[in-house]
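So for the sequence shown, numbering that gives the first Met the number 0 puts the first residue at 0; every next one is plus one.
For each residue, glycine too, the CB sits at the ideal point set by N, CA and C.
All values derive from a computational prediction rather than experimental measurement.
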Amino acid sequence: MTQDEMKKEAGWAALKYVEKDSIVGVGTGSTVNHFIDALGTIKDDIKGAVSSSEASTEKLKGLGIEVFDCNDVAKLDIYVDGADEINADREMIKGGGAALTREKIVAAISEKFICIVDDTKAVDVLGAFPLPVEVIPMARSYVARELVKLGGDPAYREGVVTDNGNVILDVHNMQITNPKDMENKINAIAGVVTVGLFAHRGADVVITGTQEGAKIED
Ligand code: 5RP
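Below, the structure written as structure tokens:
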């Protein structure tokens with residue numbers, strides 16, 4: 000099985016968590032795209048979705064799934080999203096697709112975060128994947144200097160503007176042994192919109208696509 004086929008296994012397996020007549024929180028990325036395809040097959044059984052990016056919104060609408068404004072929905076039962084890395088405590092690095100801020104917002108209004116990944120995403124210590132940080136453009140250099148003080152090696156993701164009009168710094172060479180503490184520290188830097196560490200709000204369910212099919216840890 001290729002990596003994309005394992006992503007597909009995970010994406011389709013998440014369908015069993017979707018309740019009839021519900022509004023579903025939908026993340027962003029290639030794994031989520033498989034989930035959206037799956038959601039399209041039951042579109043008449045759900046009310047619609049709250050989306051974490053313009054890209055997912057476009058795909059959802061293309062399949063005829065109604066997309067609700069996050070401000071009009073107080074609570075979601077589930078949020079389905081991928082991750083760039085996930086550890087044994089279900090803490091994650093996210094934001095490879097630059098959608099981290101909206102992802103954190105939709106996750107925050109959801110009861111259950113269902114993380115869908117292929118088996119290359121599981122790690123012992125977070126940080127081999129460069130940690131994305133969304134930053135207000137005028138604060139880019141200041142935030143980069145502060146990230147160096149925290150032991151990282153930030154790189155400006157050239158040519159990328161987030162859906163919120165901001166920029167991304169990818170922080171290399173961090174061994175994140177205390178993800179909650181690091182999430183607090185980076186979020187406290189002036190000019191940081193969001194860090195792509197999902198430690199305080201980790202995953203509740205992990206669905207991993209493997210060579211043997213989808214493995215569910217509930
Ligand atoms: C986007 C994300 C994605 O969930 C993460 O990058 C994983 O992507 P993929 O499913 O394509 O491997 O956080 O901002």
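Quick one: what does DSSP say D36 is sitting in, helix, strand or coil?
helix
Can you say whether M220 is buried or exposed, counting buried as having 16 or more other CB atoms within 10 angstroms of its CB?
Residue 220 lies beyond the residue range present for the chain, which begins at 0 and ends at 217; the question has no answer from this structure.
Could you pull out every residue in the same chain whose Cβ sits closer than 6 Å to the Cβ of E216, ignoring the five residues on either side in sequence?
V205
State the CB to CB distance for the pair K111 and D76, rounded to an integer number of angstroms; the pair is presumed to be in contact (CB under 8 Å).
7 Å
Secondary structure at G94, three-state DSSP: helix, strand or coil?
coil
Taking 7 Å as the cut-off, is the beta-carbon of E53 closer than that to any non-hydrogen atom of the ligand 5RP?
no
Please determine whether the Cβ atom of V31 lies at a distance below 7 Å from any heavy atom of the ligand 5RP.
yes
At 4 residues or longer, and completely inside the segment 123–162: list those alpha helix (DSSP H) runs for me, N to C.
139–148
Enumerate, from N- to C-terminal direction, the unbroken beta strand (DSSP E) stretches of 3 or more residues contained entirely within the segment 156–213.
166–171, 191–194, 204–209
Indicate whether the contact test is met: 3 or more Cβ pairs, each with one atom in the segment 58–76 and one in the segment 145–162, closer than 8 Å.
Touching, no.
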